[in-house]
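**Student:**
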Amino acid sequence: MTHPAATRSAPAVPAAPASAAITIQFVLTGIVWGSSFLFMKIALEGLSSAQVVWSRLVLGAVTLGLFVLVRRDSLPRNIRTWGHMSVLALSFYLVPFLLFAWAQQYVSSGLASIYNATTPIMTAVMAWLVFRVEKLGAAQIAGILVGILGVMVIIAPWQGLDLSQSLIAQLAILGATACYGFSLAYMRRFASQTGMSALVFSFVNIAIAATVMLLLTPVVALSPISLDPVIVGCLLVLGCVGTGVAYVWNQNVLRAWGPTRASTVTYITPVVGVVLGIIVLGEQLGWNEPAGALLVFLGILLAQNRLRRRPRT
């Protein structure tokens, strides 16, 4: 997932504040996305899964749209660019959001956040097998296999696979992370030279996804709802911040650090998601879930070639 780097016209000395700002955005993104699993779980108490997705996409699009208006940024005019943005709107936002929201009716928010950490492994697979934009060595292939082993430990097939809603929901979440992996590799292959700012790039994708949900309103969003201040607050944070501002932060980090370093945000999100799930919702994890998460993290390190021995000086 490579995007054009920001123009570097400033001298080298003032680079520290910019670096600090990127680090802050990186940490905030991990915290916001990690807590989004809690917000979805609470919002599902009053809305259907499709209504939650409708709300977060529309709120995210409105939030980013206001920023675009204030900054007076221009939108892309190339039809091909809009085509690529439409693909990403479906694969990076609409479909995985629907899968996550549906699945969280049957699994804990902590477990959903753990599965979300498989995204870098999915990205490596898609970049290697589907788009051929990366070549994987033995260590990277071993990392993918270790990550798959971690997923199997989390699913715990030795406990019996009864095809319950919980198992199907876990597979749905893996489908969502596969969508993320596809999208990140697709961005690298087709959307790395759009010339759009991080704000406009995020706005266009989310706005297209929100438009699709608005068109589907009679089908997905007209069932009865039950709102209270807590649910409304969760929707506002999930939409305006988690689906709006956080994606701009993520794009800024991607352009400053590159995809490999930026994807380490997946080390933050499951920690935040699990801790909040335990503290706020009283969720419990079995031994196999954190053990599987550690294997997934090890697989990520291998897949990103981060365990190479440094030569002695």
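Heads up, the sequence shown is in the numbering used here, so the first residue is 9 and it goes up one at a time. We treat Cβ as the ideally placed atom computed from N, Cα and C, and that holds for glycine.
With burial defined as no fewer than 16 other Cβ atoms inside 10 Å of the residue's Cβ, what is the status of residue 29: buried or exposed?
**Tutor:** If you number the sequence shown from 1, residue 29 lands on position 21. It counts as exposed.
**Student:** Is DSSP giving residue 49 helix, strand or coil here?
**Tutor:** For this step, residue 49 is matched to residue 41 along the sequence shown. Of the three classes helix, strand and coil, the one that applies to residue 49 here is helix, per DSSP.
**Student:** Taking just the CA atoms, how far does residue 151 sit from residue 237?
**Tutor:** Walking along the sequence shown from the start, residue 237 turns up at place 229. Walking along the sequence shown from the start, residue 151 turns up at place 143. So the two alpha carbons sit approximately 44 Å from each other.
**Student:** For the alpha helix (DSSP H) holding residue 56, just list the boundary residues, first then last.
**Tutor:** Numbered from 1 along the sequence shown, position 48 holds the residue referred to as residue 56. No alpha helix (DSSP H) holds residue 56; DSSP gives it neither H nor E.
**Student:** With respect to the alpha helix (DSSP H) encompassing residue 163, which residues constitute its N-terminal and C-terminal limits?
**Tutor:** As a first step, residue 163 must be located in the sequence shown, where it is residue number 155. Unbroken alpha helix (DSSP H) run through residue 163: 146 to 163.
**Student:** Skipping 5 residues on each side, what residues in its chain have a beta carbon closer than 8 Å to that of residue 57?
**Tutor:** The residue labelled residue 57 in the question sits at position 49 within the sequence shown. Closer than 8 Å at Cβ, skipping near neighbours: 106, 109, 110, 112, 113.
**Student:** Reducing DSSP to helix, strand and coil, say where residue 295 ends up.
**Tutor:** Numbered from 1 along the sequence shown, position 287 holds the residue referred to as residue 295. Residue 295: coil per DSSP, three-state reduction.
**Student:** Quick one: what's got a C-beta closer than 6 Å to residue 20's C-beta in the same chain, skipping five residues either side?
**Tutor:** Within the sequence shown, residue 20 is the residue found at index 12, counting from 1. Residue placement at residue 20 is poorly supported in this model, since its pLDDT is 36, which falls under 50; the coordinates are not used for a value here.
**Student:** Of all the options 221, 124, 205, 301, which has the alpha carbon lying nearest to the alpha carbon of residue 263?
**Tutor:** On the sequence shown, residue 263 is found 255 positions in, with the first residue counted as 1. The shortest C-alpha separation from residue 263 is found at 205.
**Student:** Under 8 Å, do residue 51 and residue 239 count as touching if we go by C-beta distance?
**Tutor:** As a working note, residue 51 is residue 43 in the sequence shown. As a working note, residue 239 is residue 231 in the sequence shown. In this structure, residue 239 lies closer than 8 Å to residue 51 by Cβ.
**Student:** By how many angstroms is the C-alpha of residue 312 removed from the C-alpha of residue 23?
**Tutor:** In the sequence shown, counting from the first residue as 1, residue 23 sits at position 15. In the sequence shown, counting from the first residue as 1, residue 312 sits at position 304. Any reading at residue 23 must be qualified, since the residue scores a pLDDT of 39, below 50, and its modelled position is unreliable; no value is offered.
**Student:** Would you call residue 78 buried or exposed, if buried means 16 or more other Cβ atoms sit within 10 Å of its Cβ?
**Tutor:** Looking up residue 78 in the sequence shown gives position 70. That one is exposed.
**Student:** Mapping DSSP to helix, strand and coil, what is residue 185?
**Tutor:** Your numbering for residue 185 matches position 177 in the sequence shown. The answer is helix: DSSP assigns residue 185 an H, G or I state.
**Student:** What's the C-alpha gap between residue 266 and residue 70?
**Tutor:** Looking up residue 266 in the sequence shown gives position 258. Looking up residue 70 in the sequence shown gives position 62. When rounded, the distance between both Cα atoms is 28 Å.
**Student:** Could you please give the first and the last residue of the uninterrupted alpha helix (DSSP H) stretch that includes residue 239?
**Tutor:** Indexing the sequence shown from 1 puts residue 239 at position 231. Residue 239 -> alpha helix (DSSP H) spans 237 to 244.
**Student:** Would you kindly report the start and end of the unbroken alpha helix (DSSP H) that includes residue 103?
**Tutor:** Counting from one through the sequence shown, the residue named residue 103 turns up at place 95. 103 to 111 is the extent of the alpha helix (DSSP H) around residue 103.
**Student:** Looking at the unbroken alpha helix (DSSP H) that takes in residue 382, where does it start and where does it end?
**Tutor:** Examination of residue 382 is not possible in this model, given that the chain is present from 9 through 321 alone.
**Student:** Take residue 133 and list the residues in its own chain whose beta-carbon comes closer than 7 Å to its own, dropping the five residues that flank it on each side.
**Tutor:** Within the sequence shown, numbered from 1, the residue matching residue 133 stands at position 125. Cβ neighbours of residue 133 beyond the five flanking positions: 152, 189.
**Student:** Whole angstroms is fine: what's the gap from residue 90's alpha carbon to residue 84's?
**Tutor:** Looking up residue 90 in the sequence shown gives position 82. Looking up residue 84 in the sequence shown gives position 76. Going from the Cα of residue 90 to the Cα of residue 84 covers about 7 Å.
**Student:** Near residue 216, which residues of its chain fall below 7 Å by C-beta distance, leaving aside the five closest residues on each side in sequence?
**Tutor:** Along the sequence shown, read from residue 1 onward, the residue named residue 216 stands at position 208. Closer than 7 Å at Cβ, skipping near neighbours: 93, 94, 97.
**Student:** Compare the beta carbon distance of residue 47 and residue 246 with 8 Å and say whether it is the shorter of the two.
**Tutor:** Within the sequence shown, residue 47 is the residue found at index 39, counting from 1. Within the sequence shown, residue 246 is the residue found at index 238, counting from 1. It is a contact, given that the beta carbons lie within the stated cut-off.
**Student:** Ordered along the chain, which non-local residues of its own chain (more than five positions away) have a Cβ less than 6 Å from that of residue 136?
**Tutor:** Here residue 136 corresponds to residue number 128 of the sequence shown, with the count starting at 1. 142, 144, listed in sequence order.
**Student:** Using C-beta distances below 7 Å, list every residue in its chain close to residue 33, excluding the 5 sequence neighbours before and after it, in chain order.
**Tutor:** As a working mapping, residue 33 is identified with position 25 in the sequence shown. Excluding positions up to five away in sequence, the list reads 257, 260, 261.
**Student:** Please report how far the alpha carbon of residue 146 lies from the alpha carbon of residue 162, in whole angstroms.
**Tutor:** In the sequence shown, residue 146 corresponds to position 138, counting from 1. In the sequence shown, residue 162 corresponds to position 154, counting from 1. Taking the straight line joining both Cα atoms gives about 24 Å.
**Student:** CA-CA distance, residue 187 and residue 121?
**Tutor:** By one-based count along the sequence shown, residue 187 stands at place 179. By one-based count along the sequence shown, residue 121 stands at place 113. Approximately 15 Å between the Cα atoms of the pair.
**Student:** Buried or exposed: which applies to residue 67, given that a residue is buried once 16 or more other Cβ atoms fall within 10 Å of its Cβ?
**Tutor:** Counted from its first residue, the sequence shown places residue 67 at position 59. Residue 67 comes out buried.
**Student:** Assuming residue 278 is part of the alpha helix (DSSP H), what are its boundary residues?
**Tutor:** Taking the first residue of the sequence shown as 1, we reach residue 278 at position 270. Unbroken alpha helix (DSSP H) run through residue 278: 277 to 289.
**Student:** Could you tell me the alpha carbon to alpha carbon distance between residue 61 and residue 101, rounded to whole angstroms?
**Tutor:** Position 53 of the sequence shown, counted from the first residue, corresponds to residue 61. Position 93 of the sequence shown, counted from the first residue, corresponds to residue 101. Cα to Cα, the separation comes out at about 9 Å.
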